[in-house]
Amino acid sequence: MKVRIHVSLKPGVLDPQGRAVHHALEGLGYKGVEDVRIGRLVEMDVADDTTDAALDEMCQKLLANMVIENYRIEKVA
Amino acid sequence: MKTAVVTFPGSNCDRDMWVALRDVSGKEPVKVWHGDADLPDGLDFIALPGGFSYGDYLRSGAMAANSPIMRSVVTAAERGVPVLGVCNGFQVLTEAQLLPGALMRNAAQTFICRTVPLVVENATSLFTSAYSKGETIHIPVAHHDGNYFADDATLDRLEGEGRVAFRYAENCNGSRRDIAGVLNAKGNVLGMMPHPERAIEDDHGGSDGRRLFESVIGSLVGA
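Protein chains in written order, with UniProt numbering: chain A, 1 to 77; chain B, 1 to 223.
Pasting the structure below:
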């Protein structure tokens, strides 16, 4: 089973990297970009019988830092 | 007295930490490798050094926090053994949840390497008793991810319980409330971004860091 873990900064946590990219986009002349937040995508190939609980645990123990990040699990066929 | 310095793949301040502990304690620290499952018996003090453990993959300190030796470090810390994490060691301690908060990319996005003034906020802890409260000391920083973040409730609690050990006199990295170093609730774990082990000799850029080691080593000798 292919799984994508989307890790993103929690709302309210400042994202200096996103802000720098935002400025760069404006510098390239793109108008109307309201906000940029940078996250991380982890693609995994796991055994078909991997439980949702196990995936949650992997995210909470290692893949995301729950102090500053949220995660979303997407199962891809 | 028995002290130890843990080396992870990518640590680069482990030797400086080793020398600082040797010079202050008069005894050679034990060198511990990240892949070891157990710490040596009878340790009185554990130091996690700076560097770029595991190449800072995933997040700074995240991989090291899950390495075999860290399970033993967590157990020892919970038993009350003093643990100091400097720079990457601080990041490892937060990732291992021995300390609250997280260290994020510096606000200006740049690596910072210079000596900065710090204000001693708590001069009664195991690690800071040789300083005076409110004293300004000068300690080098060298990091890309030193921007301390915790939510307001956590910060209020840290401040209320006297667990902010050091603040930046001039905020160099965006850390919330200028926090440079924090203690755990029991006071036996300190994490800080600045490098006290790089400031132990007047001939090498100052000795303001030396008293941190004298504080903790002194408390062990007296014990």
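Backbone N, C-alpha and C fix where the C-beta goes; we use that ideal spot for every residue, glycine too.
Every value quoted in this text rests on a predicted model; they were computed, and no experiment measured them.
Quick check: what's the CA-CA separation for B:Pro49 versus B:Leu183?
16 Å
In the DSSP output, which residue or residues are listed as bridge partners for B:Asn147?
B:Met104
Residue range of the unbroken alpha helix (DSSP H) whose run includes B:Thr115
Note, B:Thr115: premise wrong, no alpha helix (DSSP H); beta strand (DSSP E) at Ile112 to Val120.
Give a yes or no on whether the C-beta atoms belonging to A:Asn65 and A:Ser8 are separated by under 8 Å.
No.
Rounded to whole angstroms, what's the CA-CA distance from B:Pro82 to B:Met193? Just pull it up for me.
Rounded to whole angstroms, B:Pro82 and B:Met193 show a C-alpha spacing of 17 Å.
Distance CB(B:Ser53)-CB(B:Ser11) smaller than 8 Å
yes
Cβ-based neighbour list, B:His144, same chain, cut-off 7 Å, excluding 5 preceding and 5 following
Arg105, Asn106 and Phe111
May I ask you to list, following chain order, the residues of the stretch 54-77 of chain A that have a beta carbon less than 7 Å from some beta carbon of chain B?
Leu62, Asn65, Val67 and Ile68
Are there 16 or more other CB atoms within 10 angstroms of the CB of B:Met17, so buried, or fewer, so exposed?
buried
Between the stretch 157-177 of chain B and the stretch 119-127 of chain B, do at least 3 Cβ pairs fall closer than 8 Å?
Counting Cβ pairs under 8 Å, three or more are found: they touch.
With A:Asp48 as the anchor, note down where its alpha helix (DSSP H) starts and where it stops.
Neither: A:Asp48 is in no alpha helix (DSSP H) and is coded neither H nor E.
Hey, quick one: how far does the beta strand (DSSP E) through B:Leu84 stretch, first residue to last?
Val83 to Val86
Are three or more beta carbon pairs between the stretch 57-74 of chain B and the stretch 88-101 of chain B nearer than 8 Å?
yes
With contact counted as at least three CB pairs below 8 Å, one residue from each stretch, are the stretch 15-34 of chain B and the stretch 200-210 of chain B in contact?
yes
B:Glu78 versus B:Asp178: straight-line alpha-carbon distance, rounded:
27 Å
Pick out the complete alpha helix (DSSP H) segments inside the stretch 137-195 of chain B, 4 residues or longer, and give them in chain order.
152-160
Of the residues B:Gly42, B:Cys87 and B:Asp44, the one placed nearest B:Ala142, counting alpha carbons only:
B:Cys87
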